[in-house]
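Beneath this line is the structure, given in structure tokens, with notes to follow.
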Ligand code: PMP
């Protein structure tokens, strides 16, 4: 598939669209003026709000690219089963595209992901197989789950979001160019999280090709927010994981280990608090990985060296996807205490 095909298919104004997939991409940028003013930040934080995608997350892009490419290669026909391992969002994206194009879907998920996502997966028509979270502590977890999925579903199309090159490629061909176009080339720093690594590898590589001095910064879960032998069920930031100090062979193939200029670690509590501050101050309710990305962007914007710099923070999904999670102590939310835009 060439880049023309991908770019032509993202949502365009002034049309009656014909396919669900035509609605993917072209998500808006919003500068967080209240948020920056309330903290006297030096840098400008611009959020790319990915919950505008039709199935509610950035992963609709990868889901679409993987399916369209498989169709073009003759590897998918109506009624076929699509399988993958997912922290939820890719599965929801794949299931939505599958529903609109006549495929079935089945996903393997860790038993610690948000129950809202599990409900959504089922609601979109997917079968859900839960895997013990402790399993993912195995350094060979990716190989083992991949092998299990292939063995249990020999006739299925394995989307393989962790290694499928269509995943980073769609960010190289859509997410990156959209940021470049919508900031008129003024973007200086890109901040994202890493699940499969597709977003930062693809969008990061595109933007660096346009502006060699551009920095890519990764927000990663820190101490207490990642599973360990002693605590395989910590309070995690859904959808992203630690990348520093992890041997490259244990990371998903789609992670570009060389792309990051800096990695900023934070706790799940910091990610959630930042998500709550964002909704209180800007009226944008994004998920926990968005809170993590915004927290990292805030650290960067607070540095005098970044005065006037344009920091694009990718917000992968909506907070509504985590409404049922225990992270929601509404009585302590910043907005409830009246710490909103007028602070
Ligand atoms: N945030 C959330 C909520 C996600 O579901 C994902 C993907 N698992 C990411 C961030 C990271 O995106 P990527 O897979 O492109 O690295």
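In the working numbering, the protein residues as written are 305 to 647.
By construction, the Cβ of each residue, glycine as well, lies at the ideal position given by its N, Cα and C atoms.
Determine the extent of the alpha helix (DSSP H) in which residue 540 is found, giving its start and end residues. As a position in the chain shown, residue 540 is number 236, starting the count at 1. Neither: residue 540 is in no alpha helix (DSSP H) and is coded neither H nor E.
Contact test: residue 499 Cβ vs the ligand PMP heavy atom, cutoff 7 Å: The residue given as residue 499 occupies position 195 in the chain shown. Within the cutoff, so yes.
Between which residues of its own chain and residue 540 is the CB-CB distance below 8 Å, once the five residues before and five after are set aside? Numbered from 1 along the chain shown, position 236 holds the residue referred to as residue 540. The residues are 416, 525, 529, 530, 531, 572.
Where does residue 613 sit, in a helix, a strand or coil, going by DSSP? Within the chain shown, the letter at position 309 stands for residue 613. Of the three classes helix, strand and coil, the one that applies to residue 613 here is coil, per DSSP.
Quick check on the DSSP output: the alpha helix (DSSP H) that includes residue 411 runs from which residue to which? Position 107 of the chain shown, counted from the first residue, corresponds to residue 411. First-last for residue 411: 408 to 414, but that is the beta strand (DSSP E), not the alpha helix (DSSP H).
Report all residues from its chain with a CB closer than 8 Å to the CB of residue 545; omit the five preceding and five following residues, and keep chain order. By one-based count along the chain shown, residue 545 stands at place 241. These residues qualify, in order along the chain: 498, 499, 524, 525, 530.
To which residues of the same chain is residue 316 closer than 6 Å at the C-beta, ignoring the five residues directly before and after it? Residue 316 sits at position 12 when you count from the first residue of the chain shown. Apart from the 5 residues on each side of it in sequence, residue 316 has no Cβ closer than 6 Å to any other Cβ in its chain.
Per-residue burial, residue 514 [other beta carbons within 10 Å of its own, 16 or more giving buried]: On the chain shown, position 210 is the one that residue 514 refers to. By the 10 Å Cβ count, residue 514 comes out exposed.
Using the rule of at least 16 other Cβ atoms within 10 Å of the residue's Cβ for burial, across every protein chain shown, is residue 481 buried or exposed? If you number the chain shown from 1, residue 481 lands on position 177. For residue 481, the number of other beta carbons within 10 angstroms of its own is at least 16, and it is reported as buried.
With a threshold of 7 Å (Cβ to nearest heavy atom), would residue 620 be considered close to the ligand PMP? Residue numbering aside, residue 620 sits at position 316 when the chain shown is read from its first letter. Within the cutoff, so yes.
Would you report the Cα separation of residue 376 and residue 444, rounded to the nearest angstrom? Here residue 376 refers to the residue found at position 72 of the chain shown. Here residue 444 refers to the residue found at position 140 of the chain shown. Spanning the alpha carbons of residue 376 and residue 444 requires a straight line of approximately 32 Å.
Bridge partners - residue 375, DSSP secondary structure assignment: Against the chain shown, residue 375 aligns to sequence position 71. Looking at the DSSP output, residue 375 shares a beta bridge with no other residue.
Pick from 363, 435, 420: whose alpha carbon is nearest that of residue 329? Position 25 of the chain shown, counted from the first residue, corresponds to residue 329. When only C-alpha atoms are compared, the closest one is 363.
Do residue 345 and residue 602 have their CB atoms nearer than 8 Å? Reading the chain shown from its first residue, position 41 is the one you call residue 345. Reading the chain shown from its first residue, position 298 is the one you call residue 602. Yes, they are a contact pair.
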